[in-house]
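Going down the list, the protein sequences come from chains A and B.
In terms of full-length UniProt numbering, the first sequence opens at residue 1 and continues consecutively.
In terms of full-length UniProt numbering, the second sequence opens at residue 1 and continues consecutively.
Single-structure report; data block below.
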Amino acid sequence: MDSNLSLEEFLAAAKEFVEISNILCDGWKLIENECLLKSYVQKECFIKPSKEDSLPMKAEYVMFYSLSYGVPQFSFNVWNSLGVLLTIKELRRVLFIKEPPQSDENLYSVITQQEHPIFFRPYFIVHPCRTGELLACFKGSSTNILVTFLGMIEDVIKLNLPMEYGKPSGIRKTSS
Amino acid sequence: MANDRELLREIWDGKLPICFQLAQEEIMEIQQPDPFYVMVPRLSYFPLVTDKMKRHFLRYISQENSDSEMWLDYNGQPLKWHYPIGFLYDLFCGNEPQLPWILTVHFTKFPEDILLRCSNKDVVEAHFISTVKEADVLKHRGQVMSTMQKKDHNQLRLMESHGENEGFKHIPVRIYSDDGTCHQSLVNPKNCTDGSRKTVQHMITELYPDKTSVKLRTHGITIPSDTPLQWLSEHLSYPDNFLHLCLC
Numbered sequence: 001m002d003s004n005l006s007l008e009e010f011l012a013a014a015k016e017f018v019e020i021s022n023i024l025c026d027g028w029k030l031i032e033n034e035c036l037l038k039s040y041v042q043k044e045c046f047i048k049p050s051k052e053d054s055l056p057m058k059a060e061y062v063m064f065y066s067l068s069y070g071v072p073q074f075s076f077n078v079w080n081s082l083g084v085l086l087t088i089k090e091l092r093r094v095l096f097i098k099e100p101p102q103s104d105e106n107l108y109s110v111i112t113q114q115e116h117p118i119f120f121r122p123y124f125i126v127h128p129c130r131t132g133e134l135l136a137c138f139k140g141s142s143t144n145i146l147v148t149f150l151g152m153i154e155d156v157i158k159l160n161l162p163m164e165y166g167k168p169s170g171i172r173k174t175s176s
Numbered sequence: 001m002a003n004d005r006e007l008l009r010e011i012w013d014g015k016l017p018i019c020f021q022l023a024q025e026e027i028m029e030i031q032q033p034d035p036f037y038v039m040v041p042r043l044s045y046f047p048l049v050t051d052k053m054k055r056h057f058l059r060y061i062s063q064e065n066s067d068s069e070m071w072l073d074y075n076g077q078p079l080k081w082h083y084p085i086g087f088l089y090d091l092f093c094g095n096e097p098q099l100p101w102i103l104t105v106h107f108t109k110f111p112e113d114i115l116l117r118c119s120n121k122d123v124v125e126a127h128f129i130s131t132v133k134e135a136d137v138l139k140h141r142g143q144v145m146s147t148m149q150k151k152d153h154n155q156l157r158l159m160e161s162h163g164e165n166e167g168f169k170h171i172p173v174r175i176y177s178d179d180g181t182c183h184q185s186l187v188n189p190k191n192c193t194d195g196s197r198k199t200v201q202h203m204i205t206e207l208y209p210d211k212t213s214v215k216l217r218t219h220g221i222t223i224p225s226d227t228p229l230q231w232l233s234e235h236l237s238y239p240d241n242f243l244h245l246c247l248c
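Below, the structure written as structure tokens:
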């Protein structure tokens, strides 16, 4: 399992991804840092995870580069309308995290709350150990590796990623 | 291969005396609770050694808080349970030793923007395993953990290098400043110019080219700057397979 993606490739894909997001008005921003490893892609938005929850919640998504694994990593936090951070159990209850995993033990092996390597604060982080082999399958065919990556994350977390991300750039520009 | 058995024994048997005190604002009884003294392994984690202490203090706090998550602070700084106890002591008390280490116990006002939630010991295990996996990726490109079953992970101890003379690909190392920020980069155990063994001094010069006289501390000792990194990683890593070093 060699480095699948270099930091430079990640940043190039991030720039391109944010350009597509701007066209689609999807709200992703690239936050650059002079220490390249601390550059990240971020989106803040309000979500209404389930019908029972009448009040919207605030979500923050951050994609960053894992030097150890040589892959993009996905992290997020969700706050309720009182500004309190949701726990992993609450995230499951509001169906922000999709089923399965059935048991808590499975869930912990996919998503754990960790100290964020860029912000040094608690974030939920999707574990990167399978990301490399999965992304490797798409490396030749993917138009943007971060779109492919988010497509994989969609499997676990409701992101409501617009389908237009997957369209070739020519079609996207004419339709917008 | 790690072969300095005596030294490994010293590291693995290392203990710290701790004095837990209940925060004044938590006490709901007229009688003041006695402090709780205990010797804890330096290599362990607070959620794994505080069950008895928690029971001791529970009867002095308001019952409505008895199910809420307990947390600890030293001198007003919340202690991150996901770091080994010995590392936390080195970080906060490395320059001015305090024995026993006096910590304050809280049951309310959990600082959710600083500390990770730890509702049960499975969370500690999940965190530990994910750190071991990361170390394995750095050392052996992930070959060891991926060939192991989940049940074997529970038996897992310090992983040693593969092959006789072959060093690690990268050294799993995290260097922390006292402001809580951490520096992690890809550190090769050999110098790329001549393939010679890289020492602590080489790593310091590489990571902090502007700073002079940088010292690093772990397991209560200042590391001699001529220590080879490969040896350091095999002998002074924590059970999560990372070297957790404090800048001093």
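Glycine is no exception: its CB is placed at the ideal position from the N, C-alpha and C atoms.
Computed from a predicted structure; not experimentally measured.
Checklist entry - Name the chain B residues whose beta carbon is nearer than 8 Å to that of Tyr69 of chain A? => result Going along chain B in sequence order, the residues near Tyr69 of chain A (Cβ under 8 Å) are Glu134 and Val137.
Next on the checklist: Between His82 of chain B and chain A, is any beta-carbon pair separated by less than 8 Å?
Outcome noted: Chain A contact via Cβ: present.
Item to check | Coil, strand or helix - Tyr40 of chain A by DSSP | outcome: In the three-state DSSP reduction, Tyr40 of chain A falls in the strand class (E or B).
Item to check | Within chain A, the residues that Glu112 of chain B reaches when beta carbons sit closer than 8 Å | outcome: Those within 8 Å of Glu112 of chain B in chain A are Val84, Leu85 and Pro122.
Next on the checklist: One question on the structure: do Trp79 of chain A and Lys58 of chain A come within less than 8 Å of each other, judged by their Cβ atoms?
Outcome noted: Yes; because the gap between Cβ atoms is below 8 Å, this pair is in contact.
Checklist entry - So, do the segment 166-176 of chain B and the segment 232-246 of chain B have three or more beta carbon pairs nearer to each other than 8 Å? => result Touching, yes, given that three or more Cβ pairs across the two stretches are closer than 8 Å.
Item to check | Distance between Met70 of chain B and Gly140 of chain A (C-alpha atoms, nearest Å) | outcome: A straight-line Cα-Cα distance of about 49 Å links Gly140 of chain A and Met70 of chain B.
Item to check | C-alpha gap between Met28 of chain B and Gly151 of chain A, whole angstroms | outcome: Rounded to the nearest whole angstrom, the CA to CA distance from Met28 of chain B to Gly151 of chain A is 52 Å.
Checklist entry - For Cys192 of chain B, which residues in chain A fall below 8 Å Cβ to Cβ? => result Neighbours of Cys192 of chain B on chain A: none; closest Cβ ~16 Å, over 8 Å.
Checklist entry - My guess is that Leu7 of chain A and Tyr65 of chain A are in contact by the Cβ rule of under 8 Å, so how many angstroms apart are they, rounded? => result With a contact defined as Cβ atoms closer than 8 Å, Leu7 of chain A and Tyr65 of chain A qualify at about 5 Å.
Next on the checklist: Between Ala126 of chain B and chain A, is the shortest Cβ-Cβ distance under 8 Å, so that the two count as touching?
Outcome noted: Interface residue, yes.
Next on the checklist: In whole angstroms, give me the CA-to-CA distance for Ala12 of chain A and Gly83 of chain A.
Outcome noted: Straight-line measurement puts the Cα of Gly83 of chain A at about 34 Å from the Cα of Ala12 of chain A.
Checklist entry - Assuming His219 of chain B contacts Gly14 of chain B under a Cβ cut-off of 8 Å, what Cβ separation, rounded to an integer in Å, is found between them? => result Separation of the CB atoms of His219 of chain B and Gly14 of chain B is rounded to 6 Å, and the pair is thereby assigned contact status at 8 Å.
Next on the checklist: Here's the rule I'm using: 16 or more other beta-carbon atoms within 10 Å means buried, otherwise exposed. How should Arg42 of chain B be labelled?
Outcome noted: Classification for Arg42 of chain B: buried.
Item to check | Cβ-based contacts, 8 Å cut-off: residues of the segment 114-146 of chain A near chain B | outcome: Residues Gln114, Glu115, Pro117, Phe120, Arg121, Pro122, His127 and Cys129.
Next on the checklist: On a Cα-Cα basis, can you pick out the residue from B:Thr108, B:Val200, B:Asp73 and B:Cys19 that is closest to Met53 of chain B?
Outcome noted: Taking the Cα of Met53 of chain B as reference, the smallest distance to any Cα among B:Thr108, B:Val200, B:Asp73 and B:Cys19 is reached at B:Cys19.
Checklist entry - According to a CB-to-CB cut-off of less than 8 Å, which residues of the segment 183-212 of chain B neighbour chain A? => result Residues passing the 8 Å Cβ filter: Gln184, Ser185 and Leu186.
Next on the checklist: Is there a C-beta anywhere in chain B that falls below 8 Å from the one on Thr112 of chain A?
Outcome noted: By the rule that beta-carbons nearer than 8 Å mark a contact, Thr112 of chain A touches chain B.
Item to check | Contact set between Gly180 of chain B and chain A, taken where Cβ atoms lie within less than 7 Å | outcome: Under the 7 Å cutoff, chain A gives Phe120.
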